[in-house]
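Asks:
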């Protein structure tokens, strides 16, 4: 065998190994997209719809693969992995208020009226600019803003109609200082913990209750370990389509498809959220949960100190609040 023939055979063998690693018809690059939502949750539905749409556009350039149910870790763990570049995208919500102060805007209670209001907020150059700047200051990139939803309170002690009803209740919250402050001011005993640990904590009595959108409450089967559902809608939490260290390593055309599709999904996520919320409320009632409305004004009045603290502690906090309020009745 000549040296030239040997070299040619080695090259052919190397090509064979590369082809086998990529696989016939398989994407050249896998984009890992993680979230904490259970199957059937809004996060699950929106992430899968995003992947379907993006993959149709990407062809064999790349493939988005969705990992739900905290398979890639808690929200906090996934934020770390984004910074390391070991995962490519995640769908955090409340935890972003621990990343940068501006995200605490969506921790302000009773600020967002409805989904139409949220769509107008998202279009605000002031708000979107502040959030983009805050994310980029921590080496993240927001490529879309979807929905986690309006949050409601469940517990095993009593119906929650006013802030006084929360006194002494051990309430699981996400990891975010503003949610903790809010529920402390109402008299509850907030206990931050990962979403994936919440069911067992409720089942064992480590906590009395929790607060989440219906699109998280039902898929997690909290109705099996909770008696009362109070339709507080106390906070509207967006879900941020977030990229990290691997973003700039992706080909430009792949990044363009991902961003375009994430933005295309923004109104879709709101529509899916509204439909799912209506459907799941009926299901939760059918499962035997006792459902009640709240005295909204009593909660609004009790929330004033939180607003004062936000406006004092967060740069341009007052301007952001005024901008959101100015878009309520457009």
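In the working numbering, the protein residues as written are 24 to 353.
A virtual CB, placed ideally from N, CA and C, is assigned to each residue, including glycine.
Mind checking who residue 246 pairs with in its DSSP beta bridge?
Replies: In DSSP, residue 246 forms no bridge with anything.
Asks: Provide the residue(s) that pair with residue 90 in DSSP beta bridges, ordered along the chain.
Replies: Answer is 57, bridged to residue 90.
Asks: Evaluate the contact criterion for the segment 152 to 167 versus the segment 253 to 266: three or more CB pairs, one atom per stretch, below 8 angstroms.
Replies: The segment 152 to 167 is in contact with the segment 253 to 266.
Asks: Measure the beta-carbon distance from residue 236 to residue 319 and round it to whole angstroms, keeping in mind my assumption that it falls under 8 angstroms.
Replies: With a Cβ gap of about 17 angstroms, residue 236 and residue 319 do not count as contacting.
Asks: Buried or exposed for residue 61, going by 16 or more other Cβ atoms inside 10 Å?
Replies: Looking at its Cβ environment, which holds 16 or more other Cβ atoms inside 10 Å, residue 61 is buried.
Asks: Just list the residues that DSSP pairs residue 112 with in beta bridges.
Replies: BP columns for residue 112 point to 56 and 266.
Asks: Per DSSP, residue 236 forms a beta bridge with which residues?
Replies: Answer is 174, bridged to residue 236.
Asks: Pull up the CB-CB distance for residue 74 and residue 89, whole angstroms please, since I reckon it's below 8 angstroms.
Replies: Between residue 89 and residue 74 the Cβ distance is about 5 angstroms, and since that is below 8 angstroms, they are a contact.
Asks: Residues in its own chain within less than 7 angstroms of residue 170 by CB, not counting five upstream and five downstream?
Replies: So the qualifying residues of the chain are 65, 261, 262, 292, 293 and 296.
Asks: For residue 348, count neighbouring Cβ atoms within 10 angstroms of its own Cβ and tell me buried if that reaches 16, exposed if not.
Replies: The residue in question, residue 348, is exposed, as its Cβ has fewer than 16 Cβ neighbours within 10 Å.
Asks: Check whether the Cβ atoms of residue 96 and residue 58 lie closer than 7 angstroms to each other.
Replies: No. Outside cutoff.
Asks: Mind checking who residue 191 pairs with in its DSSP beta bridge?
Replies: According to DSSP, residue 191 bridges with nothing at all.
Asks: Quick one: grab the DSSP three-state call for residue 254.
Replies: Here residue 254 sits in strand by DSSP.
Asks: With a cut-off of 8 angstroms, do at least 3 Cβ pairs link the segment 278 to 291 to the segment 120 to 129?
Replies: Taking 8 angstroms as the limit for Cβ pairs, the verdict is that the segment 120 to 129 does not touch the segment 278 to 291.
Asks: Are residue 117 and residue 186 touching if we call contact CB-CB under 7 angstroms?
Replies: Taking 7 angstroms as the Cβ cut-off, residue 117 and residue 186 do not qualify as a contacting pair.
Asks: Leaving out the 5 sequence neighbours to the left and right, which residues in its chain are closer than 7 angstroms to residue 192 when beta-carbon positions are compared?
Replies: 178, 180, 211, 212, 231 and 232, listed in sequence order.
Asks: Only counting the same chain, and skipping five residues up and downstream in sequence, which positions put a Cβ closer than 6 angstroms to that of residue 67?
Replies: Hits under 6 angstroms: 60 and 91.
Asks: Distance check for residue 258 and residue 135, CA to CA, integer angstroms please.
Replies: Cα-Cα distance, rounded: 7 angstroms.
Asks: For residue 268 versus residue 104, is the C-beta spacing smaller than 7 angstroms?
Replies: No. Outside cutoff.
Asks: Classify residue 138: buried if its beta carbon has 16 or more other beta carbons within 10 angstroms, exposed otherwise.
Replies: Buried, by the Cβ-count rule.
Asks: At 3 residues or longer, what runs of the beta strand (DSSP E) sit wholly inside the segment 98 to 147?
Replies: Those beta strand (DSSP E) runs which fall completely within the segment 98 to 147 and span 3+ residues do not exist here.
Asks: Measure the beta-carbon distance from residue 254 to residue 317 and round it to whole angstroms, keeping in mind my assumption that it falls under 8 angstroms.
Replies: Yes, they are in contact, since the Cβ atoms of residue 254 and residue 317 sit about 7 angstroms apart, within 8 angstroms.
Asks: Give me the Cβ distance between residue 313 and residue 251, rounded to the nearest whole Å; I'm assuming they're in contact under 8 angstroms.
Replies: With a Cβ gap of about 5 angstroms, residue 313 and residue 251 count as contacting.
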